[in-house]
Amino acid sequence: MSQSHRIAGGQIDRGVALRFSFDGKSYTGHPGDTLASALLANGVRLMGRSFKYHRPRGPISAGSEEPNALVELRSGARQEPNTRATVAELFDGLEARSQNRWPSLAFDALAINDRLNSFFTAGFYYKTFMWPAAFWEKVYEPIIRRAAGLGSLSRLEDPDEYDKGFLHCDLLVIGAGPAGLMAALTAGRAGARVILADEDFRMGGRLNAETGEVGGRPGADWAADVVAELAGLPNVRLMARTTVAGAFDHGIFGAVERVSDHLPAPLPGKPRQTLWRIYARRSLLAGGATERPIAFENNDRPGVMLAGALRAYANRWGVAAGDRVVVFTNNEDGLRTATDLQAKGVSVVAVVDSRRGGPLLPGLRHLQGAEVVDSAGRLGLSSVTVRMADGRTEVIPCTALGVSGGWNPNVNIHSHHRSRPVWAEGIAAFAPGADGPAGLAVAGAAAGRLSTHGALLGGQAEALAALGDLGIPATAGDLPKAEDAPVSITPKWYVQGGKGRAWIDQQNDVTVKDVKLAHQENFTSVEHLKRYTTLGMATDQGKTGNVIGLAVMAELTGKPIPETGTTIYRPPYTPVAMGALAGRSRGKEFKPFRLTPSHKWAAEQGAVFVEVGMWLRTQWLPRAGETTWRQSVDREVLATRKSVGICDVTTLGKIDIQGTDAGTFLDRVYANTFSTLAVGKCRYGLMLREDGMVFDDGTTARLAPEEYVMTTTTANAVTVFRHLEFCRQCLWPDLDVQLISTTEAWAQFSVAGPNARRLLEKVVDQDISDAAFPYMGAGNITVCGGLRGRLFRISFSGELAYEIAVPTRYGDALIRKLVEAGEEFGAVVYGTEALGVMRVEKGHVAGNELNGQSSALNMGLGKMVSKKKDSIGMPLSQREGMVAEGGYRLVGVKPVNPADALSAGSHFLPEGAAPVLANDGGWLTSMVWSPHLGHCIALGYLKGGDQKIGTRMRAVNFMNKTDVAVEIVSPHFIDPEGERLRG
Amino acid sequence: MLINHPILGPRDAQEFVYLGDANLLHRPDGLAEGAIAAFHDYAYQRGNPAGEHRELWYHEQGDRSWLVVTRNTVTHEILKVELARDVARREGRSR
Amino acid sequence: MANLKPLTALGHDAPEVLSIGAVRISERFDVALASVAARRGKAGDLASAAQGIGLPLPAPATHQAGDPWSAFWVAPEMWFVEAPFASHEDIAARLKAALGDTTSVTEQTDAWVRFDIAAPDLAPLFERLSNLDLARAPVGFASRTVIEHVGTYLVKRAAGEVVLYGPRSSAASLLHVLEVTAKSLL
Amino acid sequence: MRYSGFRVIAEALIGHRGWKPIWRDPTPQAEYDYIIIGGGGHGLATAYYLAKEFRQARIAVLEKGYLGGGNVGRNTTIIRSNYLLDGNEPFYEFSLKLWEGLEQDFNYNAMVSQRGIINLIHTDAQRDAFTRRGNAMVLNGADAEMLSRDQVRAMYPFLNFDNARFPIKGAIMQRRGGTVRHDAVAWGYARGADSRGVDLIQNCEVMGMRIENGRIRGVETSRGFIGAKKVGVAVAGSSSRVMGMAGMRLPIESHVLQAFVSEGLKPLIDGVMTFGAGHFYVSQSDKGGLVFGGDIDGYNSYAQRGNLPVIEDVAEGGMALMPMLGRARLLRTWGGIMDMSMDGSPIIDRTGIEGLYFNGGWCYGGFKATPASGWCFAHLLATDTPHATATAYRFDRFLKGLMIDEKGQGATPNLH
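If you're matching them up, the sequences are chains Y, A, U and V in order. Note that my numbering has the first sequence beginning at 1, numbered continuously upward. Note that my numbering has the second sequence beginning at 1, numbered continuously upward. Note that my numbering has the third sequence beginning at 1, numbered continuously upward. Note that my numbering has the fourth sequence beginning at 1, numbered continuously upward.
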């Protein structure tokens, strides 16, 4: 396919042809093209459909502000909806499809909406679809939802990788146009650490799209030279294809670098995009300005463009968007499009200039005081109707119309901290206001200085100012000469008269009529205007349309534009791929793994693992022939209670607490007392939150007069440590206490069961007879002939049990040694399921009971809260509502009929009572099958439970439709007297 | 946000854990008369100013210092950062 | 000595060594580690006791190498002390004996996995891993930092050499991040 | 004027000349029986029900900015009543029932859409907790059911079932949960209140309260003093600021919550979904945007804007759950100020000052609560007794130890 609309010049490599396809049709373009420029070069103007009316649309811009030319880029799992053709860099083999149309772009069935437009006015849906009531969800909404959206996702996993990083600089320059380049050059030459970021793949900004000279050379050449010099400076980092998306607090910026989007696929190992968090001591917004159109009837046809874009396609990409061009402008800049195109030999048939007076353009039909009032052409522009100064109208055939309503400084980043832009009369646009982000300056067109000279001057001055703040000496180099044309503009927002629709927000199909209706219905504040009409809520966030919309509203309300104000600018500046924000944290890498010392051994045994926080723990270890998890767990439990079982308990938090005040400290952070604990002993500790609820529990041992080691639950290891540091530093800063976590330093195994001691005697070097190492004993030992370790005689299972610890690197060897030594006793290794079964059989509380909503009293541990001393949580645990009779109490539960299954989460109801809130007695917190007892058992919180032992209730579960008669019993199902412990 | 750590200099706020109003330094005496009322005020009532706020941050992914940060809750500007331990001592906390 | 065979944090008999392009990542298994914290009001006594055994107690955010003792600052009045594992497996006991009541000492050797990472220019790797300004950090800089949700200690031992201590249980996850990031630089 | 499909057609034929202003712009009168401070969802609903259900008159709503500019204009539009605790569940179920009849009640299509909400389950403990919750919901007359992993997969086959760090093990579902067009809620209530004679006064900031010997007399505003017999405060986000004018300290902190919307996409997600192993929840609007959110930033703030870490955290959750999401683009972020209370539950109560009433502490449950909050606050204002479903929302619950702590986090607002 020939590039029929390609003309001379431009920054493209004509030596290389790139093949690409749009809606299945193949075309060619060149390196340096965007998808839009290449399509226009091939004479394709129609690229999309609008959201509501499905109007045929082509690009109006040559940049990231594009509302119309949105396509689905790539295919398969890489399909990328809503990609702006105007910024999609062309590569060989690029595939693109139009979207939001059916069956085809040229013929779209839903274009019927356009014929029905008189019904589909702003907010019409708020006033209808209400009758009959059921129809909204069943009929109307499904239809609306089916029509919703623009492009589509593939539903397949994104195959590309994303990365994140962190950069530091003295000066971040946002935008590499004349202002940004001059600033970077000034700061770079001064040796400052500079980052220059630009969303475009070619730095230079408007200089690449203009013919004006800088320093006596074409602006684009000057830009290329500056970029080359900057590239040679080690203190300067050039970041093309990088969009600074947001300004956050204290000089932190979020920027997305499109590392691979200009390639068919990322190179091996390379990310598609990288999210950079940039820490900038000072920053400069040099993001340029965005041209805005003038609204007139049918101003949305393919071929109607922004004048600056029309010019950019000709100058930068060597493309004539049309062969007969009309220009419609209200300001001086629009005339440049006419003169540039004329110089390139494109036929400019008329220049429609809404201003009166002033010099006429030579050699052109320059119609002053005239306006374009309408356009024609079904799928593309074929003519415009012009109303002359004298009121007479003329139809002028043309294939492209360049419209310029003036330029809006890109204030977005400067307003990300909610600084309101201020109205600048001279350019009839909003410019950056006061109180922008601290340390952020603005230069060039972004600051409302629309001339090239103004940009160069501003960029240099702001760079010098920033370096001055930082105490980095810098000198102002000579400023290259460049045009300093005045902005001559006579504001015109929309063309009066006419019955038809004049578009303001092209993607969302918001027209002047809609704004008028909003006003008529008293939606007059800008926020109401936006929310009622959806003005500015499309993928372009109103970059070209918003100001026109509020100008129209200002006119209707009779308020000046500044008083009418703008809506709020929020990140991101342009839409950002979710993948970039997520980086590598996805799939199995969503969060890091924590592996226990016995993990390798357990994996060899074919253990089943379970996520416990970040940890992977052994859930159970199936043996040959076991087909269900219950078989494995029952075996582990029975073997442990009968003989001995081994379990990796390394995940429990361990905190080393030393200092002369360690005991006092523990007395204050635990509800019970520890200062009286004898050296070589351990004790169960109950820790409360200041609000009196139970925070955590565990055993704490005293290894030396001034050294304790505290055990926390696996889940709370981090929060308990944080809390202890708070108590130590903030509440009692003069206590002599030092803390450090030792959770991972020790591999710790529970050895439980009647034969626990006999097994350990084969491993531990010292005498651990009951006399030498009694119940709740703790101390340093050596293992297997000299390896230093620790032994604690504590039990979670209710059996004679120990926890033995060795340095983690020996954990794997120890589990193997314990298993080997246990063979003669038929020892098993058990996982978290068996652990859970045994602790419920014993009536110990764990995660499901330690739910942050329960007090010591609720758990039946009220007596542990000493009132004799002040401790965290003690005072508030005494509030009337928390000590009242009849509150929740921990109880045991067993089915009246042993064959009945129980389920955790079931609620207690009295026998025969109706299932209503008033009868709700509480709930089953934990349920297990007790192989020992041969039926299900559970723990639960029951209102007044301490008074209900021995009574019957129902455990009702509407989720699995069960209703079981249960008996309320003591939570201690096994060995309530604790004889086994002391055995 | 960046918190200018008195020992380590500017550190990303993401390394810290936020607790809240620095009045939490002033834990009442749990054995005193009217302790429940005092603790109710201490644990639950907040000034919650729109403006300067003295608040506790914990450098969990750093040196484990608790800091008292004076920050404007409207602009997020940070005006002062001190070690909580120093503030606590200065304001009468000891043992 | 005990007839128990130790494993590295990555679960192998011998330390892992990887070379990816210019980046070399070596797991270290031969360094003993302990925390040393001054008891309240005993910072001075600790300093002199430390001097007695040639134990450096460097300033905040720094590491100081020595023989046999090296150390880096981790918190106010708290340091991590390094020594050769072969000669100092009982590092905590030795330090406690030497420093006595001035100090709280805690064994840390096996709480951590240590990776030594070397490359002519480490900036491209670490600007993708950590928010620390490593390029500008002086040699001897030591700090805690988060790498892909994993809290680590980072020590800049030389211009092209960084020591990373990560939680032992997450050794594999940490190495994975180092690996894929290094590969993305190829 | 009454809205209907016929009216829309009729107006279309006459060029929409007949549409009337949705509300008046009255000038404040010297005194009212009731002044509601705050023209957000809760304030407007309160005024609406005061006039309609409690037949009260001489009512004004004072709004410092524009109507519906509070969190009702800045949220993720979710409605549900899947709460756990006795103090909450009846109230939120009452609210959900009001949502179900809302459009017909105020003749405005707020697009109440009950497409279902699921909370994903990743651990056995979560399943136990959700079972307890589901049963509590049923006991309170709400609907709840547990879904198996396969049932979830049938609904959303594109979730990460096969390569997840925290595998999906099922979900709890409330089919009556869903979404509502949030702005329309404010506009519908405002229109309904205005048409019943309520004065909606925009750009009228309350600067002070006139209190004489323990009784409220009226409020000083940017438009002068306005007298009132009773004043109801419904300014969640700014509660401490406004109640400070009456000399009150509250068990509330103001925090920023960010929310997000993607570019418009063809339909993917019918209902609402929350990820149980990270901070991420999502639904899809009728325009096609994925509306999602996560955790609050975590520090006290009145800035109405947040920072990058939370945006990344939410995106990580989204990608972990829906690996296709990488190629969707985040279009806009926004931040609203939450009244984070000390137990995560709201307050609708009298104050120590006679005639001054408070409604706040909504954390991020505020939007779904709008109808019931308005109704219950109107009930309290009109009858001086709490509505049956809001009896627990008292100031003194903290002194008495009767917290309503759904998450079990205690007196740490940023964890609720």
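Where a beta carbon is used, it is the ideal one built from N, C-alpha and C, also for glycine.
Discussion item. Pairs of beta-carbons, one from the region 516-531 of chain Y and one from the region 545-557 of chain Y, closer than 8 Å: are there three or more?
Written reply: yes
Item to complete: My understanding is that Y:W615 touches Y:T660, with C-beta atoms under 8 Å, so please give their C-beta distance in whole angstroms.
Response: The Cβ separation is near 35 Å, so there is no contact.
Fill in: Alpha-carbon spacing of V:H42 relative to V:N82, whole angstroms
20 Å
Fill in: Contacting positions in the region 924-936 of chain Y - beta carbon closer than 8 Å to chain U
none
Discussion item. Just verifying my parser: in three-state terms, what is the DSSP assignment at U:W69?
Written reply: coil
Discussion item. Against chain U, with Cβ distances strictly below 8 Å, would Y:D249 count as a contact?
Written reply: no
Discussion item. Within a Cβ cutoff of 8 Å, which residues of the same chain sit near U:A43, ignoring the five residues on either side of it in sequence?
Written reply: E77
Discussion item. I'd like the span of the alpha helix (DSSP H) that includes Y:T516, first residue to last.
Written reply: It is Lys, not Thr, that sits at residue 516 of chain Y in the sequence shown. Where Y:K516 is concerned, the enclosing alpha helix (DSSP H) stretches over 512-520.
Worksheet item: Of the residues that make up the region 299-312 of chain V, which ones have a beta carbon closer than 7 Å to any beta carbon in chain A?
Response: Y299, N300, S301, Y302, A303, N307, P309
Discussion item. Output needed in chain order: residues of the region 251-277 of chain V with a Cβ under 7 Å from some Cβ in chain A.
Written reply: Going along the region 251-277 of chain V in chain order, one finds P251, I252, E253, S254 with a Cβ nearer than 7 Å to chain A.
Worksheet item: Starting from V:W19 and walking both ways along the alpha helix (DSSP H), at which residues does that stretch end?
Response: Taken as a continuous stretch (DSSP letters only), V:W19 belongs to no alpha helix (DSSP H), as it is neither H nor E.
Discussion item. What does the Cβ neighbour count give for Y:N960, buried or exposed, with the cut at 16 atoms within 10 Å?
Written reply: Classification for Y:N960: exposed.
Worksheet item: What are the boundary residues of the alpha helix (DSSP H) that includes Y:A602?
Response: 599-604
Worksheet item: Apart from the five residues just before and just after Y:A36, which ones in its own chain have a Cβ nearer than 6 Å to its Cβ?
Response: P59, A69, A85, T86
Fill in: Integer Cβ distance of Y:V373 from Y:V495, believed to fall under 8 Å
6 Å
Fill in: Reference U:T109, options U:A22, U:A34, U:S173, U:Y153, closest by Cα
U:A34
Worksheet entry | Contacts that V:Y3 makes with chain Y (C-beta to C-beta distance below 9 Å) | Y126, K127, T128, M130
Discussion item. Counting only Cβ pairs nearer than 7 Å, list the residues of chain B close to V:L330.
Written reply: You won't find chain B in this structure, because its protein chains are Y, A, U and V.
Practice prompt. Check whether the Cβ of V:N414 lies closer than 8 Å to any Cβ atom in chain A.
Written response: Between V:N414 and chain A, the shortest Cβ-Cβ separation is below 8 Å.
Item to complete: Determine which residues share a DSSP beta bridge with Y:S98 and list them.
Response: Y:V71
Practice prompt. Specify the secondary structure class of Y:L890 as computed by DSSP and reduced to three states.
Written response: Secondary structure of Y:L890 (DSSP, three-state): strand.
Item to complete: Using a Cβ cut-off of 8 Å, pull out every chain U residue sitting near Y:Y313, in sequence order please.
Response: Ordered by position in chain U, no residue passes the 8 Å Cβ test against Y:Y313, which lies about 36 Å from the chain.
Worksheet item: Closest Cβ-Cβ distance between Y:Q738 and chain A: below 8 Å?
Response: no
Practice prompt. Under the assumption that Y:A133 contacts V:Q104 (Cβ atoms under 8 Å), give the Cβ distance between them as a whole number of angstroms.
Written response: About 6 Å separates the two Cβ atoms, so the contact holds.
Worksheet item: In chain Y, which residues lie with their C-beta within 9 Å of the C-beta of V:F166?
Response: F590, K591, E611
Practice prompt. Give the secondary structure of V:T333 by DSSP, where H, G and I count as helix, E and B as strand, and everything else as coil.
Written response: Look at V:T333 here: in three-state DSSP terms it is strand.
Item to complete: Output, in chain order, the set of chain A residues within a Cβ distance shorter than 9 Å of V:R241.
Response: Close partners of V:R241 in chain A (Cβ separation under 9 Å): N48, P49, A50.
Discussion item. DSSP has Y:E911 in a bridge; who is on the other side?
Written reply: In DSSP, Y:E911 forms no bridge with anything.
Worksheet item: Using a Cβ-Cβ cut-off of 6 Å (strictly less than) and excluding sequence neighbours within five positions of U:W79, which residues of its own chain qualify?
Response: V36, L57, A71, W73
Item to complete: Residues of the region 61-83 of chain V with a CB closer than 9 Å to any CB of chain Y: list them in chain order, please.
Response: G65, Y66, L67, G68, G69, G73
Discussion item. Tell me which residue opens and which closes the alpha helix (DSSP H) that V:Y431 is part of.
Written reply: No statement about residue 431 of chain V is possible, as the shown extent of chain V runs from 1 to 416 and does not include it.
Discussion item. Just to confirm before moving on: does the CB-CB distance between Y:I974 and Y:G950 stay below 8 Å?
Written reply: no
Worksheet item: Given Y:A624, which residues of its chain have a CB within under 8 Å of its CB, disregarding the five upstream and five downstream residues?
Response: none
Worksheet item: What residues in the region 156-185 of chain U bring their beta carbon closer than 8 Å to a beta carbon of chain A?
Response: none
Worksheet item: Do Y:W923 and Y:G940 have their C-beta atoms within less than 8 Å of each other?
Response: yes
Discussion item. At the 8 Å Cβ level, is V:L399 part of the contact set with chain A, yes or no?
Written reply: Yes, V:L399 counts as interfacial toward chain A.
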